[in-house]
Amino acid sequence: MKRDALAIIIHPYKNILVPEMNLRESINIFAENILDITDKHNGLKLNLVLPAYFLQYVDPLTLSRLREIQKRDSLEWLSSGYTEPFLSFSPHWLSASNIKFGIDVFEDMVAYRPEGYAPPFSNWEPSMINLLRNCGNRYALVSKSILPKEVQNHCGYWIAEDGGSTISIFPASTFHYHMAPKNINDWIDKQVLADPDKSDSTKLIAIEYFVPLIKKDNIDPYPWIQSLADASETFLLKYRTIRLQDFPNLASPRGLQYIPSTLAINRNDKNEEPYFFNYLHTFDQVGIVQRKMMDVADNLEELNNVKDIIPILKELYLSQDINRYMPAGVNGGFTNIYDRLWTYSKLIGIENVLHKRDKKKGGQIRIADYLRNGTKCIILSNKSIKLYIDYKNGGQIFELDYRERNINICAVFKPKSEGIPRIISFNKTRAGFMDFVLEDNCVIDDFKLKPKNTTEFTNGYFDYKVKKTNTGAKAILSRQGRVTLDSKDYPLFIEKVFGLEGDISSLSFAYQLSNHSLTEYSLRFAIETTFSLLGIEKGLVEIVCEDKRLNLDITKNLCLENITSFKIQDSFMGVSIEFSIQKPIDIWIIPIFDTIDGRNIIQGLSVVISSKVFLGENAVWSLMGKIQLKKIRIKGEIFNEI
Amino acid sequence: MRSEALDITIENRGSILWLILSGPFHIEQVPNIREKIRGFIDDGNLEIVIDMEDVVEVGDGVIPMFLNALNYIRGKHGDMWFVFKNDVVSKAFFQYKHIFSIYPNEKTLTSRGVIKTMLRRGVQMSRKTGIRLSRSVAIFLLFIIMGWFFTLAFIVYEQNKQIRKQEAEIDALIQWKENAVIEVKNLRNSIKPFKQLGLVKD
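Put into structure tokens, the structure is as follows:
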């Protein structure tokens with residue numbers, strides 16, 4: 001009697017960073033639960049989707065028991081790579097390397113090379129067909145939601161093609177544990193009835209069940225798998241459980257399907273996003289992290305010595321993981337400050353290793369389309385600091401890496417999503433050295449409202465020059481514009497210089513404001529830099545103003561007048577940011593809060609260097625200063641999660 | 643934008659400033675690059691290497707700009723070198739290859755000394771002949787060859803010394819002979835009158 005096929009795919013997942021110990025415990029709990037179920041149901045066949053690095057945390061005895069089940073053809077492994085590479089966001093060679101390495105790890109750990117690939121979040125790219133074939137994969141498992149609606153009810157598999165390369169596609173119904181159907185028998189029967197193909201061919205019902213390794217609530221995901229396993233024994237006459245690789249022996253593909261570039265945002269059936277690339281880039285910070293990852297990957301690709309590169313590549317695979325580039329609310333993904341800084345930390349660590357290999361001294365200047373958006377930016381770097389200047393957008397520093405601590409201190413997120421996808425824009429990016437020209441009676445509360453007439457210099461195009469000597473590197477930016485003060489327009493020329501000296505972790509800056517007219521006017525000039533400091537939430541950030549320690553109250557703004565030096569010390573991240581200014585200025589320290597998922601989350605600390613400026617006829621006003629970054633003792637460990 | 647298509651990296655390697663260019667080098671970018679190079683020279687960088695291996699297109703005004711820059715830096719007693727081996731840039735520089743110092747890669751440029759040239763030559767020869775020597779064998783053979791040379795030199799030296807001694811002896815004998823001849827002549831002259839008188843038989 002003909003029986004249709006039921007493919008049960010269990011997919012444990014982890015969206016957030018967790019300590020390795022917790023991951024080890026969770027993955028072993030998962031493996032034990034699976035073994036319990038398979039022990040009770042000997043005839044049950046399961047498919048397991050795992051990134052290969054999970055296997056390295058499974059207890060060896062448990063792993064050997066899983067291998068036994070696999071040897072008796074009751075278990076098939078599917079791979080998503082060594083980690084879960086974001087295929088659309090990563091260079092092809094890196095994705096291929098990640099997938100191949102994952103398959104190699106599977107072979108080492110369980111003596112099996114997975115033939116099936118499950119792209120994370122069903123992130124499909126037509127060009128990946130060739131990539132998967134070259135890695136040895138024969139088929140891919142995706143969510144039904146990425147197929148055209150008219151074929152989603154088909155109970156079979158398809159052939160996808162791109163440029164002559166083909167691969168089998170198994171579409172599955174995907175469930176999170178809290179949305180799985182209670183009556184599985186009825187659900188399966190409904191799927192079969194809904195199949196438009198009424199011929200005698202064997203049908204395939206594929207269920208992909210997501211099991212969270214790190215639970216956020218009290219719902220136990222395993223009873224549903226148990227109930228599915230129990231149900232499989234009641235409908236043995238109608239359906240039999242199979243491994244996905246066995247189904248092509250039972251039935252032919254339904255036909256050809258072209259699947260365009262797509263992604264299922266929540267891994268499930270309900271929320272497929274065809275223009276996900278644009279959607280993701282409407283968010284802040286994700287583009288900068290991704291560009292950094294691609295830049296590191298480009299530098300790594302040039303290395304020939306394969307032996308040395310493997311530990312570095314493993315770090316890059318972790319940074320390439322799709323979960324780092326998805327908006328997962330307050331708990332994970334790039335919207336979470338810790339997660340974001342963790343990714344930066346891995347990438348900066350790799351850059352430091354490459355920098356040491358090259359043995360460069362005295363700094364480097366790069367002018368390149370780093371943001372891959374058609375416009376150049378200036379990158380000044382030495383052994384200790386790396387800064388990225390967008391001279392076309394107000395000469396802002398959109399990334400400031402303190403390499404000795406592997407941190408980016410200017411990675412503040414703004415949750416407001418823009419309509420047009422841009423990597424950096426004035427309304428979105430909370431960068432460093434954003435210049436504002438304000439009315440001279442402007443105070444800290446007025447500043448927070450950000451008057452619109454100040455945008456000419458805040459996001460205007462600056463001309464640039466670069467200077468390089470044996471001991472240092474400098475970028476000189478200048479712009480001639482106008483300011484509107486008291487409803488009148490005045491000409492203003494701003495020149496600003498950023499400089500690095502030798503390999504010192506010190507950023508020198510200088511501003512010169514010039515009035516080339518015969519009209520006198522006064523204004524308040526403000527330079528805003530927003531710092532991403534993990535210690536703020538934990539109460540481990542202190543302000544030291546001319547040797548006096550001040551408690552940082554994150555519910556209030558802080559105003560310091562007529563000072564020439566102050567420090568911000570974050571003992572959670574182990575960094576001290578020390579400002580020295582050549583003349584007395586006012587400092588406004590404004591904690592930045594945003595509401596995400598109904599919670600008030602502190603994103604960072606905005607430091608505004610502000611001064612009243614009087615410009616007489618043909619007058620020049622200047623300001624020079626230095627930001628020194630120093631290591632201080634860290635309280636606890638950071639960035640050692642996985 | 644054509645005037646900004648080129649990626650530029652500027653760094654110091656030792657005392658030399660490296661300017662690494664990548665992408666299409668259009669004529670619109672010539673003023674920008676010229677200004678940068680002049681700026682670096684004016685800042686005191688008198689040894690500049692321009693790495694154009696990743697340049698994919700060379701516009702018309704590029705070579706004259708580099709000629710200009712080369713003149714400028716040589717006028718300040720500095721020098722400029724180029725590193726590339728790709729076809730596009732090689733073709734653009736072909737007419738001027740006797741003017742510019744061009745190297746295929748960084749390794750060739752940095753190994754310009756005698757010893758490094760010898761090492762490089764050694765590698766080339768071993769590839770050609772298939773003969774590979776270990777360091778200890780090479781040092782041993784070097785000692786042997788040097789020993790031969792020293793021995794040869796010593797023999798030549800000794801023989802030279804011997805010849806000089808013999809020459810000196812010959813000179814001394816010749817001198818004695820000449821002196822003897824003169825003395826004999828003098829003695830003959832002194833007894834000539836006695837011969838003429840018949841007191842002494844000839």
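Same order as they appear, the protein sequences are chains F and E. If you're matching positions, the first sequence starts at 1 in the numbering used here and goes up one per residue. If you're matching positions, the second sequence starts at 643 in the numbering used here and goes up one per residue. Using N, Cα and C, we set each Cβ at its ideal position, and we do this for glycine too. From a predicted model like this one, the values you see are computed outputs, not experimental measurements.
Checklist line | Assigned exposure category for residue 218(F) - 16 Cβ within 10 Å defines buried | finding: Numbered from 1 along the first sequence, position 218 holds the residue referred to as residue 218(F). Burial call: exposed.
Check: Residues of chain E with CB under 9 angstroms from residue 465(F), in chain order?
Finding: In the first sequence, counting from the first residue as 1, residue 465(F) sits at position 465. The contacting residues are 677, 678, 681.
Notebook entry, point to check: Any chance the region 683-695 of chain E sits against the region 509-519 of chain F, with 3 or more Cβ pairs inside 8 angstroms?
Noted result: no
Check: Curious, which full-length beta strand (DSSP E) runs of at least 3 residues does the region 62-110 of chain F contain?
Finding: Within the region 62-110 of chain F, the runs of beta strand (DSSP E) that reach at least 3 residues and sit entirely inside it are, in chain order, 75-79.
Check: What residues in the region 466-481 of chain F bring their beta carbon closer than 8 angstroms to a beta carbon of chain E?
Finding: 466, 467, 468, 469, 470, 473
Margin query: So, for residue 366(F): in the same chain, excluding its five sequence neighbours on each side, which residues have a beta-carbon less than 7 angstroms away from its beta-carbon?
Written below: Working through the first sequence from its first residue, we reach residue 366(F) at position 366. So the qualifying residues of the chain are 379.
Note to self: Let me confirm a value: residue 348(F) is counted as buried when at least 16 other C-beta atoms fall within 10 Å, else exposed. Which label applies?
What the structure shows: Counting from one through the first sequence, the residue named residue 348(F) turns up at place 348. Classification of residue 348(F): buried, given that the 10 Å Cβ count is 16 or more.
Next item on the list: Thinking residue 679(E) and residue 711(E) are a contact (beta carbons under 8 angstroms), I'd like their distance in whole angstroms, please.
Entry: Sequence index remark: in the second sequence, residue 679(E) carries index 37 (1-based). Sequence index remark: in the second sequence, residue 711(E) carries index 69 (1-based). Going by Cβ atoms, the distance from residue 679(E) to residue 711(E) rounds to 5 angstroms, so yes, they are a contact pair.
Item checked: Proximal chain E residues relative to residue 362(F), where beta-carbon distance stays under 9 angstroms -> Stepping through the first sequence from its first residue, residue 362(F) is reached at position 362. Going along chain E in sequence order, the residues near residue 362(F) (Cβ under 9 angstroms) are 653, 654.
Next item on the list: Mind checking which residues open and close the alpha helix (DSSP H) that includes residue 789(E)?
Entry: Indexing the second sequence from 1 puts residue 789(E) at position 147. Here the alpha helix (DSSP H) through residue 789(E) covers 777-838.
Item checked: Minimum C-alpha distance to residue 319(F) - residue among 373(F), 98(F), 161(F), 616(F) -> For the purposes of this step, residue 319(F) is identified with residue 319 of the first sequence, where counting begins at 1. Closest by alpha carbon: 98(F).
Next item on the list: Taking 7 angstroms as the cut-off, decide whether the C-beta atoms of residue 472(F) and residue 500(F) are in contact.
Entry: Your numbering for residue 472(F) matches position 472 in the first sequence. Your numbering for residue 500(F) matches position 500 in the first sequence. In contact: residue 472(F) and residue 500(F) (Cβ atoms closer than 7 angstroms).
Notebook entry, point to check: What residue from 257(F), 546(F), 73(F) has the CA that sits closest to residue 140(F)'s CA?
Noted result: Your numbering for residue 140(F) matches position 140 in the first sequence. Cα-wise, what sits closest to residue 140(F) is 257(F).
Note to self: Below 8 angstroms, how does it come out for the region 226-243 of chain F and the region 32-48 of chain F: are there three or more Cβ pairs, yes or no?
What the structure shows: yes
Notebook entry, point to check: Excluding five sequence neighbours on each side, which residues of the same chain lie with their C-beta closer than 6 angstroms to the C-beta of residue 75(F)?
Noted result: Working through the first sequence from its first residue, we reach residue 75(F) at position 75. These residues qualify, in order along the chain: 46, 69.
Check: By Cβ distance, which residues of its chain are closer than 6 angstroms to residue 604(F), with the 5 residues on each side in sequence left out?
Finding: In the first sequence, the residue the question calls residue 604(F) occupies position 604. 412, 530, 531, 532, 592, listed in sequence order.
Next item on the list: Compare the Cα-Cα distances from residue 569(F) to each of 627(F), 598(F), 563(F), 151(F) and report the closest residue.
Entry: If you number the first sequence from 1, residue 569(F) lands on position 569. If we check each option's Cα against that of residue 569(F), 627(F) comes out closest.
Notebook entry, point to check: Helix, strand or coil: which one does DSSP assign to residue 415(F)?
Noted result: The sequence position of residue 415(F) within the first sequence is 415, counting from 1. Residue 415(F): coil per DSSP, three-state reduction.
Notebook entry, point to check: If you count every other CB in all the chains shown that lies within 10 Å of the CB of residue 11(F), and 16 or more means buried, which is it?
Noted result: Sequence index remark: in the first sequence, residue 11(F) carries index 11 (1-based). The residue in question, residue 11(F), is buried, as its Cβ has 16 or more Cβ neighbours within 10 Å.
Next item on the list: Return the first residue and the last residue of the alpha helix (DSSP H) that residue 447(F) is part of.
Entry: Against the first sequence, residue 447(F) aligns to sequence position 447. 444-447 is the extent of the alpha helix (DSSP H) around residue 447(F).
Item checked: Span separating the alpha-carbon of residue 191(F) from that of residue 147(F) -> As a position in the first sequence, residue 191(F) is number 191, starting the count at 1. As a position in the first sequence, residue 147(F) is number 147, starting the count at 1. Rounded to whole angstroms, residue 191(F) and residue 147(F) show a C-alpha spacing of 16 angstroms.
Check: What beta strand (DSSP E) runs, 3 residues minimum, are completely inside the region 100-169 of chain F?
Finding: 139-143, 158-162
Next item on the list: Could you check what DSSP says for residue 502(F) in three-state terms: helix, strand or coil?
Entry: The count along the first sequence starts at 1 and reaches residue 502(F) at position 502. Note: residue 502(F) maps to coil in three-state DSSP.
Item checked: Sequence-distant residues of its chain with Cβ nearer than 8 angstroms to residue 259(F) (five each side left out) -> Along the first sequence, read from residue 1 onward, the residue named residue 259(F) stands at position 259. Correct list, in chain order: 124, 126, 142, 146, 147, 160, 169.
Next item on the list: Would you kindly work out how many angstroms separate the C-alpha atoms of residue 414(F) and residue 284(F), rounded to a whole number?
Entry: For the purposes of this step, residue 414(F) is identified with residue 414 of the first sequence, where counting begins at 1. For the purposes of this step, residue 284(F) is identified with residue 284 of the first sequence, where counting begins at 1. C-alpha separation (whole angstroms): 6 angstroms.
Next item on the list: In the DSSP assignment, find the unbroken beta strand (DSSP E) run with residue 532(F) in it and report its ends.
Entry: Against the first sequence, residue 532(F) aligns to sequence position 532. No beta strand (DSSP E) holds residue 532(F); DSSP gives it neither H nor E.
Note to self: So, with DSSP's three-state summary, where would you put residue 770(E)?
What the structure shows: Within the second sequence, numbered from 1, the residue matching residue 770(E) stands at position 128. Helix, per DSSP.
Checklist line | Alpha carbon of residue 149(F) to alpha carbon of residue 86(F), nearest angstrom | finding: Locating residue 149(F) in the first sequence gives position 149, where the first residue counts as 1. Locating residue 86(F) in the first sequence gives position 86, where the first residue counts as 1. When rounded, the distance between both Cα atoms is 25 angstroms.
Note to self: Distance check for residue 670(E) and residue 174(F), CA to CA, integer angstroms please.
What the structure shows: As a working note, residue 174(F) is residue 174 in the first sequence. As a working note, residue 670(E) is residue 28 in the second sequence. Residue 174(F) and residue 670(E): Cα-Cα distance of roughly 54 angstroms.
Check: Using a C-beta cutoff of 7 angstroms, does residue 367(F) count as contacting chain E?
Finding: The sequence position of residue 367(F) within the first sequence is 367, counting from 1. Chain E, which has a Cβ nearer than 7 angstroms to the Cβ of residue 367(F), makes this yes.
Item checked: Chain-ordered residues of the region 168-196 of chain F with a beta carbon less than 7 angstroms from chain E -> none
Notebook entry, point to check: Looking at the structure shown, is residue 189(F) part of a helix, part of a strand, or coil, going by DSSP?
Noted result: As a first step, residue 189(F) is located in the first sequence; it is residue number 189 there, counting from the start. Correct three-state label for residue 189(F): helix.
Check: Hey, how far is the Cα of residue 370(F) from the Cα of residue 384(F)?
Finding: Here residue 370(F) refers to the residue found at position 370 when the first sequence is read from its first residue. Here residue 384(F) refers to the residue found at position 384 when the first sequence is read from its first residue. Cα-Cα distance, rounded: 20 angstroms.
Note to self: Taking 7 angstroms as the threshold (beta carbon to beta carbon), is residue 376(F) in contact with chain E?
What the structure shows: Taking the first sequence and counting its residues from 1, the one referred to as residue 376(F) is at position 376. At least one chain E Cβ lies under 7 angstroms of residue 376(F).
Margin query: Tell me the rounded alpha-carbon separation between residue 71(F) and residue 107(F).
Written below: As a working note, residue 71(F) is residue 71 in the first sequence. As a working note, residue 107(F) is residue 107 in the first sequence. In a straight line, the C-alpha of residue 71(F) is about 13 angstroms away from that of residue 107(F).
Next item on the list: With residue 278(F) as the anchor, note down where its beta strand (DSSP E) starts and where it stops.
Entry: Taking the first residue of the first sequence as 1, we reach residue 278(F) at position 278. Not the beta strand (DSSP E): residue 278(F) falls in the alpha helix (DSSP H), residues 276-281.
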